[in-house]
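In this text, residue positions in the sequence shown follow the numbering used here: the first is 138, and each later residue adds one.
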Amino acid sequence: MTSFLRSDRSTPVAIWLFTVAALVLAMIIVGGATRLTDSGLSITEWRPVTGTIPPLSAEDWQSEFDKYRQIPQYQLVNRGMSLEEFQFIYWWEWGHRFLGRLLGVAFALPFAYFLIRREIPRRLVLRCFGLFALGGLQGAIGWWMVSSGLSERVSVAPERLMTHLGLAFALFAALIWTALDALRGEARQALPSPWSKFALGLMGLVFLQILLGALVAGNDAGLVYNDWPLMNGTLFPRTYAADGLWATIAHSQGAVQLHHRLVGYVLTGVVIWMALSARRTHYVPSEAKRLMMATTHATLLQVVLGVATLMMAVPLWLGIVHQLMAAVVLGLATAFAWRVRRV
């Protein structure tokens, strides 16, 4: 009987998955720009197929503009904006959604091709189906997020933004891990050591910091408390508590910024400790040590970018770079965690 598995590894499959990960990264960057330009509510309908085509005539543009003028963001924030100003924010949101559709095609078509040719290692087939399902779920969550800002709010709900962005970063990390599996073959566990747990814990801490950053973004909390290391001259924000525990955790500008700062300090300390410890132990392969040092350098740069972004009140270009560097840190932490599990 012909085996489904031709090989334990496949360079073409790895290249495909790395390419999809790069597209997810592009989605994250464009999504960040869409949020920073307040463009995310400019398209008020979810049309997965027909929405691929942008407005092509003056009548089409006027129709889209009329729909936007019915929502609270226009009525309370952007009342009186011109059609040209609307087109600027519309193109950001349309580009973000178009990238999502392109990403779906870039995953689905090669996936079908590799399945038919039986080039995907058997142990990765179900995982690839899972990645495909997560990508489809991301589209639905994106609309769930947008819909929260169309009736009673002037922006999307912060917790929904956190869910949407968090899933994008989770998909990015999973693609990198799976691509490395396809490139290098099945794991051969090294001698027992705590480093696998340390590395996975580091990934979790980076991911937590990204989620907290999403709450900062969703609450526009980077526009307040723009000094550092203090917060308007105090160690603790004066507007920390909101009406209830969840409101404080998810909706208080002071609280979400403080939490993001504190976890950032913890993450920086953990990364430095792991880098120093990895250099002194034989349980961590040389390649993994280099990845850990790269993760450390990227984290320290991210700290500088975060402080600069805050103190400059989140200029567009710096906000985008800060989000990009978050993906770099997570990608390096993922590669490190993957590597320490192998001889």
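Yeah, the Cβ is synthetic: ideal placement off N, Cα and C, and Gly gets one too.
Where residue i falls, given that 16 or more other Cβ within 10 Å makes a residue buried
{"i": "Pro247", "result": "buried"}
{"i": "Asn369", "result": "exposed"}
{"i": "Met138", "result": "Since pLDDT at Met138 reaches only 36, below the 50 mark, its modelled position is unreliable, and the value read off the structure follows with that caveat. Looking at its Cβ environment, which holds fewer than 16 other Cβ atoms inside 10 Å, Met138 is exposed."}
{"i": "Gly350", "result": "buried"}
{"i": "Thr418", "result": "exposed"}
{"i": "Glu182", "result": "exposed"}
{"i": "Arg398", "result": "buried"}
{"i": "Arg273", "result": "Residue identity check: residue 273 is Gly in the sequence provided, not Arg. Per the 10 Å Cβ criterion, exposed."}
{"i": "Leu213", "result": "exposed"}
{"i": "Ser200", "result": "exposed"}
{"i": "Thr189", "result": "exposed"}
{"i": "Trp410", "result": "exposed"}
{"i": "Ala336", "result": "buried"}
{"i": "Arg184", "result": "exposed"}
{"i": "Arg254", "result": "exposed"}
{"i": "Ser449", "result": "Sequence inspection shows Met at residue 449; the Ser mentioned does not correspond to that position. With fewer than 16 Cβ atoms within 10 Å of its Cβ, Met449 is classed as exposed."}
{"i": "Ser140", "result": "With a pLDDT of 43 at Ser140, under the threshold of 50, the modelled position of that residue is not reliable, and no figure is offered here."}
{"i": "Ser194", "result": "exposed"}
{"i": "Phe266", "result": "exposed"}
{"i": "Leu413", "result": "exposed"}
{"i": "Leu160", "result": "buried"}
{"i": "Ala384", "result": "exposed"}
{"i": "Gly406", "result": "exposed"}
{"i": "Leu261", "result": "buried"}
{"i": "Ala249", "result": "exposed"}
{"i": "Ala277", "result": "exposed"}
{"i": "Gly381", "result": "exposed"}
{"i": "Gly217", "result": "exposed"}
{"i": "Leu481", "result": "Nothing about residue 481 can be reported from this structure: the residues present for the chain run from 138 to 480 only."}
Beta-carbon spacing of residue i, residue j below 8 Å
{"i": "His388", "j": "Pro295", "result": "yes"}
{"i": "Thr475", "j": "Leu312", "result": "For clarity, residue 475 is Trp in the given sequence; the question names Thr instead. For Trp475 and Leu312, no; Cβs fall outside 8 Å."}
{"i": "Val466", "j": "Ala435", "result": "yes"}
{"i": "Gly322", "j": "Gly279", "result": "no"}
{"i": "Thr371", "j": "Gln390", "result": "no"}
{"i": "Ser330", "j": "Tyr420", "result": "yes"}
{"i": "Pro149", "j": "Glu289", "result": "no"}
{"i": "Phe202", "j": "Leu220", "result": "yes"}
{"i": "Trp365", "j": "Val444", "result": "yes"}
Closest residue to residue i among the options (Cα-Cα distance)
{"i": "Leu453", "options": "Gly168, Gly381, Leu173 and Ile180", "result": "Leu173"}
{"i": "Asn363", "options": "Trp383, Leu447, Glu323 and Trp229", "result": "Leu447"}
{"i": "Val167", "options": "Gln199, Trp229 and Gly286", "result": "Trp229"}
{"i": "Val451", "options": "Ser147, Val353 and Arg259", "result": "Val353"}
{"i": "Arg259", "options": "Asp145, Val283 and Thr156", "result": "Asp145"}
{"i": "Ile208", "options": "Gly391, Leu271, Ile180 and Val361", "result": "Ile180"}
{"i": "Pro374", "options": "Val393, Phe306, Ile152 and Ala170", "result": "Val393"}
{"i": "Leu438", "options": "Arg297, Ile457, Ala425 and Met462", "result": "Met462"}
{"i": "Val116", "options": "Ala445, Ala358, Ser285 and Val157", "result": "Within the shown structure, residues of the chain are numbered from 138 to 480, placing residue 116 beyond reach of any answer."}
{"i": "Val293", "options": "Met299, Val283, Thr300 and His301", "result": "Val283"}
{"i": "Arg479", "options": "Ser423, Ser176, Leu263 and Ala412", "result": "Ser423"}
{"i": "Leu455", "options": "Ala170, Ala412 and Ala415", "result": "Ala170"}
{"i": "Gly341", "options": "Leu252, Arg216 and Phe306", "result": "Phe306"}
{"i": "Val186", "options": "Tyr227, Trp231 and Met218", "result": "Trp231"}
{"i": "His301", "options": "Gly355, Trp198 and Phe251", "result": "Gly355"}
{"i": "Pro191", "options": "Asn215, Met218, Leu252 and Tyr227", "result": "Tyr227"}
{"i": "Leu428", "options": "Val458, Ile457, Ser285 and Gly468", "result": "Gly468"}
Whole-angstrom C-beta distance between residue j and residue i, which should lie under 8 Å
{"i": "Gln275", "j": "Leu308", "result": "7 Å"}
{"i": "Phe244", "j": "Phe269", "result": "6 Å"}
{"i": "Leu339", "j": "Ala470", "result": "5 Å"}
{"i": "Leu162", "j": "Ala464", "result": "5 Å"}
{"i": "Thr315", "j": "Leu154", "result": "6 Å"}
{"i": "Thr433", "j": "Val403", "result": "About 14 Å; that fails the 8 Å criterion."}
{"i": "Ser147", "j": "Ala319", "result": "5 Å"}
{"i": "Val361", "j": "Gly401", "result": "Not confirmed; about 17 Å, so no contact."}
{"i": "Phe223", "j": "Tyr205", "result": "6 Å"}
{"i": "Ile165", "j": "Gln460", "result": "6 Å"}
{"i": "Trp281", "j": "Arg264", "result": "Actually they do not touch by this definition, with Cβ atoms about 25 Å apart."}
{"i": "Met299", "j": "Leu348", "result": "5 Å"}
Practice problem: At 4 residues or longer, and completely inside the segment 388–446: list those alpha helix (DSSP H) runs for me, N to C. | Solution: For secondary structure counted as the alpha helix (DSSP H) over 4 or more consecutive residues, the segment 388–446 holds these complete runs in sequence order: 390–417.
Exercise. At 4 residues or longer, and completely inside the segment 227–309: list those alpha helix (DSSP H) runs for me, N to C.
Key: List check, alpha helix (DSSP H) in window: 259–284.
Exercise. Only counting runs of 4 or more residues, tell me where the alpha helix (DSSP H) segments fall wholly within the segment 139–227, in order along the chain.
Key: Within the segment 139–227, the runs of alpha helix (DSSP H) at least 4 residues long that lie entirely inside it are, in chain order, 148–173 and 195–205.
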